[in-house]
Each structure stands twice: as C-alpha cells, then as structure tokens.
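Okay, structure first, notes after.
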Amino acid sequence: MLKLKSIWTPHDIRTRLPKTGGLGFVFHATDWETVSFAFRGNSVQPEQLWNHGPFIGSPIFDQNQVIGCHIISPLPADLWATSASGIRRFRKVGYHPSMKLAQEAGLTHIGLAALVPYATRFGQLSSAHFNGHRTTGHAATVAAIYLMLKKLENDFSVPIPRLTYAIFGGAGSIGSNVARWLAHNGLRRQVLVDLPNRLTQVQTLCEKLTMEYSDGHFVAHTAETLESGPAFDVGIVATNAGKPWLMERVLHQAPLWIDDSHPQAASQSVLTTTDVVYLECCLLAPHGISQTFPFRLPTPRHCYACFAEVYLCWKMQLKNDFVTGRASINQIAMMDELLRKGGFSPSLTASKQGTYIPISRLERACQLLKTRI
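When we follow numbering that gives the first Met the number 0, the leftmost residue of the sequence shown carries the number 0, and every step to the right adds one.
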C-alpha cells in the first residue's frame, strides 16, 4: 500500500482559507521522479498509482495565510497521455476526483497545469464535482515567454526584434499563440516547427501572419527539415510528448532556449552535455507567495506561469472561467498587464533541471546572440 510523505485533508485547507475561498493548482506527476516526491519507499507499481487517486500535495501560502493548495494525480504522463484510452482513464480517476477534492477544500478558482488542459479539451470538459472557475494558464504562459525575451533586451541589451525565433509546437494551442503574440509585439522573424502531419496547419498560420505583418518573415518546417533549413537564434519549445525528443544536434543550432514543454522536450542527459542556455519558462512571484511543493524550480518563490494565471484570477475574484479552449489575443494582453501590475516578474535563472543558471553563462549566450545579427 502506498503511503504519502505528508497528508493534507480538504478540511485542513478549507478551515485555513480566507472567507472568499482559495485557489487550486491541479496537475499530475510529469515523470517517475516526481512520484517519489510524494510517497514513502522506492518501489511503486503503475496500477498502485491508478488506484491511489489524487491527493492534496501541499498548501499555498501568502505570508502565513493559507490561500489554496496543490492537487496532484500521481500518474506520470507516459502512463496515459499517449493513447485515447489512457486519457479517458485519466479523466475518470484523475481529473474528476481532483475537482471533487477542490470543491471539498473550499477552492473557488482552479488552474489546470501540465497536461491536464490537453486531457480536458483545454479545460472545456466540465466536472459535476466543482462549481468554481477554471483556467488553463495558457494566456500567462504566452505572456511570460515574451516577458522573458523583453528582460533579455532590458538587462543584456539584446535587440530582440532582430533575432529569429524557432517555435516548436507551432500548430498547437500555446505555440501558435506564441507566434501571434511575438509578432504582435514586433518579433516577426519566425520559424514555426511541428510534426509532419501538422505542417499544413503551420503553413496556414505563416500565411496569415505574413498577410497581417508585411514586414515579417514567417516560414514553416518540421524538425527534420529544420536541420537543413533557416538558421535561428532562439528556440522556444511549446510541445507535449510522452518522452523527450529534442536532440543535441538541434539544440546546438541556437545559444538560448525557452522551454514550456510537458513533461520536457530534452532529456537530462542531453541537457547536461550541452553548453547552450536552456531556460525553464517561469516567473518570480510577489514576495510572500510560497508554494511549498518541490517543483523543479530554484526557490519556492519561482512559479510556473499557469500558477500566476490562476492566482491573479483568484485575486481579482473573477466570476467565470478565464481561459478554456484557445486563449485569445485579448486574454493574453490582459494577462500580460496583470502579471506586470500584480508583481510577477520574468526569471532568467531557472534551468529545466531546477537549478540556477549562472549569470556568466547567460551573459555569454547574449553575447553570442548579438554576434548573430
């Protein structure tokens, strides 16, 4: 029988919340290492995880006040995300029970993280167990990627409009919006990359962007054709896959990467043998906000953009869902403004492994970017 390292009941959370209710961050174990964060012992079998069900992993604090909690399905992505039957089973034993826990814990706003949006039709799959409000976090994610690039410009004098960006997952919900939002903000040299069976969608997006921005340059590629295709300066990864796929030879095409992939596009072995700067897409929360869950982030103050989105929705006490389905440009613009005003700032210090990236490495990458213009 699996035993949790710590136990938080819905009552523990509900009785500590403000009168207006709390926020929840709903996600799943992205890999088998994440499972070990929660359970005692080393031997865990897949069927044990399916039978265990979701649990409250830890509270979320603002100073000493509990304002919500993390709700976790202990199901690594490779157990379910690659098949329709696996996704259906995840909805039944992961998503809906998580929503029930959220209701019992007194939560009013839920952020769907990792692959939960994709398992729930981008948050459009309702649950009879929860009568609060949901958001996928995708508007804040897109906004955060641009804010990270803007910080490169402000802190290291990198002329970001003159760089070329390869956006991996360009046909997807996040990737296509990254392309649109960067173009909206003057970053119009883009290579949109996706799988061969999605190339037509990427080509259509390139045509639309070219019509809207005559001063831009937008081209479509697959990862295979990219190797002999146009050069790019910054890689942006917004993909979902059951296992890592990004090879070292592709990584070396750019000195700097920003990754919002799930679980992660590049394996640990690849990342530890390359000298490129590979950043986790994340933010620094306002002082006092602490999640207390061992995410792969350098400090408890570091947070994923999807967490920032649900926090801001809860803070504003929105009375409806925010992003379900594809985020609109208006929603991204709204979240961009809210992030800035709400005290969230872009981080350029977190690696995908959760360690600090030395400033010297970032400076070298920025110098390389300047030489490529």
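Where a beta carbon is used, it is the ideal one built from N, C-alpha and C, also for glycine.
*Option in ASN130, LEU250 and HIS183 with minimal Cα separation from PHE167*: When only C-alpha atoms are compared, the closest one is LEU250.
Query - Residue from GLN200, ILE144, ILE55 and ILE12 whose Cα sits closest to the Cα of ILE70 - result: ILE55 is the residue among GLN200, ILE144, ILE55 and ILE12 whose C-alpha sits nearest the C-alpha of ILE70.
message: Along the chain, where does the alpha helix (DSSP H) containing ASP335 start, and where does it finish?
response: Where ASP335 is concerned, the enclosing alpha helix (DSSP H) stretches over 328–340.
*Which residues does DSSP pair with ARG187 in a beta bridge?*
Secondary-structure assignment with DSSP links ARG187 through no beta bridge to anything.
Reducing DSSP to helix, strand and coil, say where GLY287 ends up.
-> Residue state, collapsed to three classes: coil.
In terms of DSSP beta bridges, what is ALA219 paired with? DSSP, once it has assigned bridges, lists LEU191 as partnering ALA219.
> Where does the unbroken alpha helix (DSSP H) through PHE38 begin, and where does it stop?
Replying inline: Per DSSP, PHE38 is not a residue of any alpha helix (DSSP H), being assigned neither H nor E.
Next on the checklist: Closer than 7 Å to a non-hydrogen atom of the ligand GTP - does that hold for the CB of GLY136?
Outcome noted: As far as ligands go, the structure on display features none, and thus does not contain the ligand GTP.
TODO: Leaving out five residues on either side along the sequence, give the residues of the same chain with a beta carbon under 6 Å from the beta carbon of GLY52.
DONE: Cβ neighbours of GLY52 beyond the five flanking positions: PRO96.
ask   = Is GLU279 near ALA182, with beta carbons less than 8 Å apart?
value = In this structure, GLU279 sits away from ALA182, with a CB-CB distance that is not shorter than 8 Å.
I need the boundaries of the beta strand (DSSP E) containing ILE66, first residue and last residue.
64–72 is the extent of the beta strand (DSSP E) around ILE66.
What residue from LYS2, LEU74, ASN153 and VAL322 has the CA that sits closest to GLY40's CA? Measuring from the Cα of GLY40, the nearest candidate turns out to be LYS2.
Original post:
Apart from the five residues just before and just after GLN47, which ones in its own chain have a Cβ nearer than 7 Å to its Cβ?
Top reply: Excluding residues within five positions, the ones whose Cβ falls inside 7 Å are LEU1.
Per DSSP, ASN239 is paired with what? Answer by DSSP bridge pairing, in chain order: HIS261.
Review point. Roughly how many angstroms lie between the CA atoms of LEU22 and ASP214, to the nearest whole one?
Key: Going by C-alpha positions, LEU22 is about 43 Å away from ASP214.
Discussion item. Looking at the secondary structure, which residues open and close the alpha helix (DSSP H) in which VAL117 lies?
Written reply: The residue asked about is misnamed: residue 117 is Tyr in this sequence, not Val. Its alpha helix (DSSP H) spans residues 115–118.
Discussion item. LEU204 and ALA178 - do their beta-carbons sit closer together than 8 Å?
Written reply: Cβ distance < 8 Å, so ALA178 and LEU204 count as in contact.
Report all residues from its chain with a CB closer than 7 Å to the CB of TRP244; omit the five preceding and five following residues, and keep chain order. In its chain, beyond the 5 residues on either side, ALA264 have a beta carbon closer than 7 Å to the beta carbon of TRP244.
Exercise. Can you tell me whether ILE144 is buried or exposed, with buried defined as 16 or more other CB within 10 angstroms of its CB?
Worked result: Label assigned to ILE144: buried.
For CYS305, which three-state DSSP category applies? Helix, per DSSP.
* Is PHE343 closer than 8 Å to LEU283 when the C-beta atoms are compared? -> Against a cut-off of 8 Å, the Cβ pair of PHE343 and LEU283 comes out as a contact.
When the Cα of PRO73 is compared with those of TYR310, TRP31 and CYS305, which residue comes out closest?
The residue with the shortest Cα to Cα distance from PRO73 is TRP31.
Taking contact to mean at least 3 C-beta pairs separated by less than 8 Å, is the stretch 77–95 in contact with the stretch 290–307?
Segments in contact, no.
Considering Cα atoms alone, identify which of ALA138, GLU226 and THR224 is closest to LEU338.
When only C-alpha atoms are compared, the closest one is ALA138.
Let me check one thing: in DSSP terms, what residues is GLU279 bridge-paired to?
Partner(s): ASP258.
Check: Which stretch, first to last residue, makes up the beta strand (DSSP E) that contains SER404?
Finding: With the chain running from 0 to 372 in the structure shown, residue 404 is simply not present.
>> I need the boundaries of the alpha helix (DSSP H) containing PHE89, first residue and last residue.
In response: That run of the alpha helix (DSSP H) goes 83–89.
Notebook entry, point to check: What three-state label does DSSP hand PRO75 in the structure shown?
Noted result: Looking at PRO75 - three-state DSSP - the assignment turns out to be coil, as it is neither helix nor strand.
Exercise for the section: Give the straight-line distance between the Cα atoms of VAL25 and SER346, rounded to the nearest whole angstrom. Expected result: One C-alpha to the other measures close to 23 Å.
Margin query: I need the straight-line Cα distance from GLY228 to THR221, nearest angstrom please.
Written below: Cα-Cα distance, rounded: 10 Å.
**Asked** Quick one: is SER260 buried, meaning 16 or more other Cβ sit within 10 Å of its Cβ, or exposed?
**Response** Within 10 angstroms of the beta-carbon of SER260 lie 16 or more other beta-carbons, which makes it buried.
Could you give the distance in angstroms between the alpha-carbon of PHE231 and the alpha-carbon of ARG13?
So the alpha carbons of these two residues sit roughly 49 Å apart.
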